[in-house]
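Note that the numbering used here has the sequence shown beginning at 39, numbered continuously upward.
Just so you know, even glycine gets a beta-carbon here, dropped at the ideal spot from N, CA and C.
A short write-up of the structure that comes next.
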Amino acid sequence: MKQIPLRLKKGTHTNCIHAGEIKDTQFGGAVSPIFMASSYPFMDVEKKRYPRYFNTPNQEVIAKKIAVLEHAEAGLPFASGIAAISTTLFAFLKKGDHVIFQNEIYGGAYNLVQEEFENFGIEYSFTDGVEVGDFEDKIKENTKVIYIETPSNPLLTITDIKAIAELAKKHQIITIIDNTFASPINQTPLDLGIDISIHSATKYLGGHSDILAGAVAGSEEHMEKVFQKGKNLGGNISDFMCYLLERSIKTLGVRVEKHNTNAQIVAEFLNDHLSVRRVYYPGLRSHPNHEIAKEQMHGFGGMLSFDLEVNIDAKEFQNALKLIKPSMSLAGVESTILMPSLTSHGLLSEEERKKQGISDQLLRLSVGIENVEDIINDLQQALQQVIS
Ligand SMILES: *Cc1c(COP(=O)(O)O)cnc(C)c1O
Numbered sequence: 039m040k041q042i043p044l045r046l047k048k049g050t051h052t053n054c055i056h057a058g059e060i061k062d063t064q065f066g067g068a069v070s071p072i073f074m075a076s077s078y079p080f081m082d083v084e085k086k087r088y089p090r091y092f093n094t095p096n097q098e099v100i101a102k103k104i105a106v107l108e109h110a111e112a113g114l115p116f117a118s119g120i121a122a123i124s125t126t127l128f129a130f131l132k133k134g135d136h137v138i139f140q141n142e143i144y145g146g147a148y149n150l151v152q153e154e155f156e157n158f159g160i161e162y163s164f165t166d167g168v169e170v171g172d173f174e175d176k177i178k179e180n181t182k183v184i185y186i187e188t189p190s191n192p193l194l195t196i197t198d199i200k201a202i203a204e205l206a207k208k209h210q211i212i213t214i215i216d217n218t219f220a221s222p223i224n225q226t227p228l229d230l231g232i233d234i235s236i237h238s239a240t241k242y243l244g245g246h247s248d249i250l251a252g253a254v255a256g257s258e259e260h261m262e263k264v265f266q267k268g269k270n271l272g273g274n275i276s277d278f279m280c281y282l283l284e285r286s287i288k289t290l291g292v293r294v295e296k297h298n299t300n301a302q303i304v305a306e307f308l309n310d311h312l313s314v315r316r317v318y319y320p321g322l323r324s325h326p327n328h329e330i331a332k333e334q335m336h337g338f339g340g341m342l343s344f345d346l347e348v349n350i351d352a353k354e355f356q357n358a359l360k361l362i363k364p365s366m367s368l369a370g371v372e373s374t375i376l377m378p379s380l381t382s383h384g385l386l387s388e389e390e391r392k393k394q395g396i397s398d399q400l401l402r403l404s405v406g407i408e409n410v411e412d413i414i415n416d417l418q419q420a421l422q423q424v425i426s
């Protein structure tokens with residue numbers, strides 16, 4: 039038998055299952071008990087136990103788990119991805135500060151910036167692209183934060199994490215990443231120099247399309263700031279949701295590995311199909327930043343997008359699918375599809391959509407963990423229907 043060397047650090051799958059868990063000392067049960075109390079005795083003046091202080095037993099399970107998975111000193115759970123994003127941004131930005139956002143960011147984050155920042159006197163710029171120079175161009179004297187999202191939604195654009203982190207460090211700017219699409223299984227940005235990593239736990243961390251949650255991870259020092267802002271803004275998660283999320287994260291590693299293999303196969307199938315004009319997937323050699331993705335990701339993820347040929351009605355194609363269901367959300371165990379031009383980007387003008395590369399034939403596919411043959415069969419029969 040091969041000798042397995044002793045090691046001090048646990049593996050990712052082990053951490054998904056065990057990191058932060060609560061021992062059931064009363065009955066010796068196998069899982070963390072749920073503690074629903076919102077009332078606890080005073081520990082001391084500084085440290086009170088209260089759900090809005092992010093420190094109930096079940097909240098602490100998620101805080102520790104996300105910290106371990108993100109290779110961070112500390113983590114915090116939130117009631118939604120947007121609660122995590124807004125709290126983190128407001129923790130590091132005040133009136134008169136400037137923040138740089140990558141041009142492609144999640145729609146909800148975009149709305150937060152567009153609709154709220156001016157009210158708080160926070161200046162912002164969006165980049166023109168995702169090259170380092172695009173970020174450098176926007177740096178001003180009062181720039182405090184650079185915010186990136188990679189892979190991005192919906193075109194799976196890859197930003198060079200290490201290069202952005204280096205640029206920011208040179209200018210003493212804090213870096214924040216939305217790491218939702220990759221999950222901590224496929225990408226650990228703190229290892230590449232990013233300060234703070236954020237997740238919509240509604241997506242891969244939850245993974246079963248039945249949880250709304252968020253999470254943030256970073257150094258003790260940075261997370262203390264997020265905590266201080268968080269207790270004032272109140273985007274806290276319930277203990278019951280923490281319990282569900284803990285249960286979900288136990289299988290995060292195996293789920294994401296399966297999402298990765300299925301998505302690669304589906305991407306290659308679509309890439310070879312005559313009715314598909316273009317596939318956006320970082321695992322394809324044809325992806326413009328495939329080499330960077332290979333460098334900074336441990337897996338290419340379960341999300342991909344593709345353009346059908348111009349003579350094909352994408353709506354008709356979507357309606358012809360039987361197994362793959364239309365969905366606003368993503369990252370569940372089940373495969374789902376969305377037409378950005380009619381949904382997430384439906385409010386933009388045709389010209390603006392074109393500028394962003396969102397065609398009327400674009401479909402965003404969240405590849406699930408079903409048998410990959412069934413996913414491909416479904417795509418194939420739907421394509422056949424719309425081209426005949
Ligand atoms: C869904 C999502 C969010 C927002 O998270 P909610 O949990 O819906 O608040 C943020 N970023 C990305 C990339 C997402 O997919």
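I need the boundaries of the alpha helix (DSSP H) containing ARG391, first residue and last residue.
Annotation: the continuous alpha helix (DSSP H) that includes ARG391 extends over 388-393.
Here's the rule I'm using: 16 or more other beta-carbon atoms within 10 Å means buried, otherwise exposed. How should ASP351 be labelled?
Counting every other CB atom within 10 Å of its CB across the protein chains shown gives ASP351 a total below 16, marking it as exposed.
When you compare the CB positions of ALA255 and ALA68, do they come within less than 8 Å of one another, or not?
Here ALA255 is not near ALA68, since their CB atoms are 8 Å or more apart.
Using 8 Å as the threshold, is the C-beta distance between GLY159 and GLU98 below it?
Judged by beta-carbon spacing, GLU98 lies beyond the 8 Å limit of GLY159, meaning their Cβ atoms are not closer than that value.
Between which two residues does the alpha helix (DSSP H) carrying ARG293 extend?
290-310 is the extent of the alpha helix (DSSP H) around ARG293.
So ALA253 is in the alpha helix (DSSP H); what residue range does that whole segment cover?
Not the alpha helix (DSSP H): ALA253 falls in the beta strand (DSSP E), residues 252-256.
Cutoff 7 Å; reference THR226; Cβ partners in own chain excluding five residues on either side
Taking C-beta separations shorter than 7 Å and ignoring five residues to either side along the sequence, the partners of THR226 in its chain run GLU108, HIS109, following chain order.
Between which two residues does the alpha helix (DSSP H) carrying PRO95 extend?
Note, PRO95: alpha helix (DSSP H), 95-107.
Contact between the stretch 382-402 and the stretch 289-301 is defined here as three or more beta-carbon pairs at a separation below 8 Å; is this criterion met?
No: fewer than three Cβ pairs fall under 8 Å.
If I follow the unbroken beta strand (DSSP E) through HIS237, where does it start and stop?
Residues 234-238.
Let me check you understand the geometry: is the CB of GLY273 closer than 7 Å to at least one non-hydrogen atom of ligand 1?
It does not: the Cβ of GLY273 is nowhere closer than 7 Å to a heavy atom of ligand 1.
Taking only runs of the alpha helix (DSSP H) that begin and end inside the stretch 341-380, which ones reach a length of at least 4 residues, in chain order?
Complete alpha helix (DSSP H) runs here, min 4: 352-358.
Secondary structure at LYS182, three-state DSSP: helix, strand or coil?
Strand, per DSSP.
Best match in ALA358, PRO89, PRO71 for proximity to TYR78 [C-alpha to C-alpha]
Of ALA358, PRO89, PRO71, the residue nearest in Cα terms is PRO89.
Rounded to whole angstroms, what's the CA-CA distance from ASN309 to TYR144? Just pull it up for me.
Taking the straight line from one Cα to the other gives about 25 Å.
Alpha carbon of ILE375 to alpha carbon of GLU204, nearest angstrom
Cα atoms of ILE375 and GLU204: separation of roughly 36 Å, rounded to the nearest angstrom.
Using a Cβ-Cβ cut-off of 8 Å (strictly less than) and excluding sequence neighbours within five positions of GLN399, which residues of its own chain qualify?
Counting only residues of its own chain and dropping the five nearest sequence neighbours on each side, GLN399 has a CB closer than 8 Å to the CB of ARG315, ASP345, LEU346, GLU347, VAL348, ILE350, ALA352.
Buried or exposed for ARG402, going by 16 or more other Cβ atoms inside 10 Å?
Counting the other CB atoms within 10 Å of its CB gives ARG402 a total of 16 or more, which places it among the buried residues.
Answer yes or no: do ASN298 and ASN191 have a C-beta to C-beta separation smaller than 8 Å?
No. Outside cutoff.
GLU98 beta carbon near ligand 1 (any heavy atom closer than 7 Å)
Because no heavy atom of ligand 1 lies under 7 Å away, the Cβ of GLU98 does not count as near it: no.
In its own chain, which residues sit with a C-beta less than 7 Å from the C-beta of VAL424, not counting the 5 before and 5 after it?
Around VAL424: ILE350, ASP351, GLU354, PHE355, ALA358.
In this structure, how does DSSP classify THR50 when only helix, strand and coil are distinguished?
Reduced to three states, the DSSP call for THR50 is helix.
DSSP-derived helix/strand/coil call for ARG90
In this structure, ARG90 counts as helix in the three-state DSSP scheme.
Give me the DSSP bridge partner(s) of ASP317.
A small fix is needed here, since residue 317 is Val in this sequence, not Asp. According to the DSSP secondary-structure assignment, VAL317 is paired through a beta bridge with PHE344.
Just the Cα atoms here: how many angstroms apart are ILE275 and LEU228?
If you draw a straight line from the Cα of ILE275 to the Cα of LEU228, it comes to about 24 Å.
Simplified DSSP assignment, three categories, for ILE414:
Of the three classes helix, strand and coil, the one that applies to ILE414 here is helix, per DSSP.
In its own chain, which residues sit with a C-beta less than 7 Å from the C-beta of GLY167, not counting the 5 before and 5 after it?
Only ASN141 meet the Cβ criterion.
Would you grab the beta carbon distance between SER118 and ALA253 for me? Rounded to a whole angstrom, and I think it's under 8 Å.
Contact flag wrong, Cβ pair sits at about 10 Å.
Nearest-angstrom Cα separation, counted from SER426 out to SER404:
Distance from the CA atom of SER404 to the CA atom of SER426, rounded to whole angstroms, is 26 Å.
Run through DSSP, which three-state label would VAL405 get?
When secondary structure is reduced to three states using DSSP, VAL405 falls in the coil class, being assigned neither helix nor strand.
Could you work out which residue in MET81, ARG87, GLN302 is closest to ILE414 when comparing CA atoms only?
Measuring C-alpha to C-alpha distances from ILE414 to each of MET81, ARG87, GLN302 identifies GLN302 as the nearest.
Within the same chain, show all residues whose beta-carbon is closer than 7 Å to that of ILE202, passing over the 5 residues directly before and after it, in chain order.
Excluding residues within five positions, the ones whose Cβ falls inside 7 Å are VAL170, PHE173, ILE184, ILE186, THR213.
Let me check understanding here. Comparing Cα to Cα, which of GLN418, ILE232, HIS136, ALA101 lies closest to ILE177?
Of the listed residues, the one whose Cα sits closest to ILE177 is HIS136.
To the nearest whole angstrom, what separates the beta carbons of ILE138 and THR165, a pair I think is in contact under 8 Å?
About 6 Å separates the CB atoms of ILE138 and THR165; that is less than 8 Å, so the two are in contact.
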